[in-house]
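Each remark here refers to the structure printed beneath this line.
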Amino acid sequence: MHMVVGFILASLLRKKKGMGAGLPSIRGKLETKHALPGRLRFSSPLLIGLQDRTQLKIGAEINRIDGIQQVDMNEHTGSLLIRYDPSVIEPFIVHGIVVKVLGLEKDLEKSPDGLLTREMGLIGRSLNQHIYESSGGVMDLKSALMTSVFMLALYRIVIQGDRALPGGINLIWWTYILAKQGS
Numbered sequence: 005m006h007m008v009v010g011f012i013l014a015s016l017l018r019k020k021k022g023m024g025a026g027l028p029s030i031r032g033k034l035e036t037k038h039a040l041p042g043r044l045r046f047s048s049p050l051l052i053g054l055q056d057r058t059q060l061k062i063g064a065e066i067n068r069i070d071g072i073q074q075v076d077m078n079e080h081t082g083s084l085l086i087r088y089d090p091s092v093i094e095p096f097i098v099h100g101i102v103v104k105v106l107g108l109e110k111d112l113e114k115s116p117d118g119l120l121t122r123e124m125g126l127i128g129r130s131l132n133q134h135i136y137e138s139s140g141g142v143m144d145l146k147s148a149l150m151t152s153v154f155m156l157a158l159y160r161i162v163i164q165g166d167r168a169l170p171g172g173i174n175l176i177w178w179t180y181i182l183a184k185q186g187s
């Protein structure tokens with residue numbers, strides 16, 4: 005049974021190798037739809053509804069590079085098709101040019117947050133706000149957690165005399181670290 009679950013998870017989590025594999029994408033801003041030798045197609049919502057003047061400017065910027073043969077844009081779908089000479093220019097360079105022309109360098113450098121990370125942060129901030137308001141501004145989430153861990157540590161050390169892991173000493177240390185980070 006475990007092997008079946010493993011095979012199912014492996015097939016679900018396997019990295020898809022699309023036609024644009026290998027070229028970086030900025031999810032929601034610039035995605036490589038397909039990459040063939042001499043031809044790259046990008047999709048970007050930034051290109052939807054552009055005026056003709058802006059399209060010409062973007063096309064002229066990209067066409068200035070040696071090896072670029074043709075640039076086609078569709079303002080209705082946000083598609084950008086670039087034909088280039090693969091013996092003169094590499095697809096990574098073409099991709100870099102598009103990123104530069106669209107002004108997406110900062111988006112490419114920053115690390116994206118996953119949905120789960122964003123939602124957990126939202127839950128944490130919401131819980132922090134609730135504790136702060138419920139206590140009348142006396143405690144926040146961090147101080148409530150610190151107090152709880154410290155009380156559990158004292159209970160384990162003094163009343164139970166428990167030496168199990170995590171022991172009372174560890175809990176006191178964790179409380180100290182939490183308090184130290186706050187100052």
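As numbered in our numbering, residues 5 to 187 make up the sequence shown, in order.
For every residue, glycine included, the Cβ atom is placed at its ideal position computed from N, Cα and C.
At least 3 beta-carbon pairs within less than 8 Å: the stretch 73 to 93 vs the stretch 36 to 55: yes
DSSP beta-bridge partners of D76: L85
Cutoff 6 Å; reference E35; Cβ partners in own chain excluding five residues on either side: S29, S47
Beta-carbon proximity of V153 to L131, cut-off 9 Å: no
DSSP bridge partner residues for S47 (one or two, in chain order): E35, S83
The stretch 121 to 135 / the stretch 94 to 107 touching (three or more Cβ pairs under 8 Å): no
Three-state class that DSSP yields for L40 in the structure shown: strand
Residue environment, A157, which counts as buried when at least 16 other CB atoms sit within 10 Å: buried
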